[in-house]
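See below for the structure under consideration.
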Amino acid sequence: MIFVYAMSVMSVSGAVMAALKPERISVIAGMLTFYLVVTALLTVHRRGPGFNWVEAGAMFYGLTVVITALIFGVAALTSPPGAINEPPPAPGFIFGAVALLGVFGDVRMLLARGVPWAQRIARHLWRMCLALWIAAASFFLGQADELPESLRIMPLLCTPVLLVLLLMAYWLVRVLFTQWRPRT
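The number in my numbering is simply the position in the sequence shown, starting from 1, with 2 added.
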């Protein structure tokens with residue numbers, strides 16, 4: 003639970019600080035990270051089949067992330083070239099697409115009133131790992147200029163970011179395509 007609390011506080015505070023700057027992409031990254039962490043937690047703490055109002059609320063928050071990302075993406079797309087503090091449109095659309103995938107998964111889970119064990123663990127894995135990947139990329143790649151000069155070696159900075167993706171892929175394959183179960 004320490005990971006959940008730390009990621010939740012980090013993502014919300016990051017989104018608020020980014021909104022005050024304003025840095026639109028960081029706002030979306032913080033909102034998306036919070037959404038992924040909360041829905042991953044809800045996935046593993048699901049009590050059983052049935053409709054869950056908290057999961058429905060999280061799904062609507064995810065839809066808010068999608069809409070906000072699309073609004074920021076379109077604003078970046080239609081802004082004049084060289085506008086101050088205007089990020090490129092692609093990150094907004096990418097974060098919006100990831101949030102939309104999450105919302106589709108939420109709808110599927112709500113309509114099915116739950117999912118089987120392997121799919122539930124895979125849902126938890128991709129959401130937690132993607133949230134960790136966003137945090138790792140933001141720290142190691144987004145803040146590289148804040149690190150000492152001796153550590154600004156791009157292969158060194160990319161290693162933790164890529165490691166998160168590789169571990170996510172390994173565990174998704176292991177959970178979904180093998181008969182792996184945790185030992186109890």
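C-beta: ideal position from N, C-alpha, C; glycine also.
For the alpha helix (DSSP H) that residue i lies in, which residues bound it at each end?
i      : result
Gln121 : Trp119 to Phe142
Pro91  : Pro91 to Ala114
Met9   : Ile4 to Leu22
Trp55  : Trp55 to Thr80
Pro157 : Met156 to Phe179
Arg185 : Counting along the chain, Arg185 falls outside any alpha helix (DSSP H), and DSSP gives it neither H nor E.
Arg26  : Arg26 to Val46
Count the other CB atoms, across all protein chains shown, that sit within 10 Å of the CB of residue i; report buried if there are 16 or more and exposed otherwise.
i      : result
Leu72  : buried
Ala92  : exposed
Ile30  : buried
Phe97  : buried
Ala114 : exposed
Ile69  : exposed
Trp182 : exposed
Ser15  : exposed
Phe62  : exposed
Leu22  : exposed
Leu168 : exposed
Ala58  : exposed
By how many angstroms is the C-alpha of residue j removed from the C-alpha of residue i?
i      : j      : result
Leu1   : Asn54  : A query on residue 1 cannot be resolved here, the shown segment of the chain reaching from 3 to 186 and no further.
Pro83  : Arg26  : 17 Å
Thr66  : Thr41  : 14 Å
Phe5   : Val39  : 9 Å
Ala133 : Leu34  : 8 Å
Ala60  : Ser28  : 20 Å
Ala166 : Trp135 : For the record, residue 166 in the displayed sequence is Val; it is not Ala. One C-alpha to the other measures close to 6 Å.
Leu178 : Thr161 : 26 Å
Ser152 : Leu79  : 37 Å
Phe142 : Ala8   : 17 Å
His126 : Met170 : 11 Å
Met130 : Ala137 : 11 Å
Asp108 : Met156 : 36 Å
Arg154 : Pro184 : 39 Å
Val163 : Trp128 : 15 Å
Ser81  : Arg176 : 45 Å
Met12  : Leu44  : 19 Å
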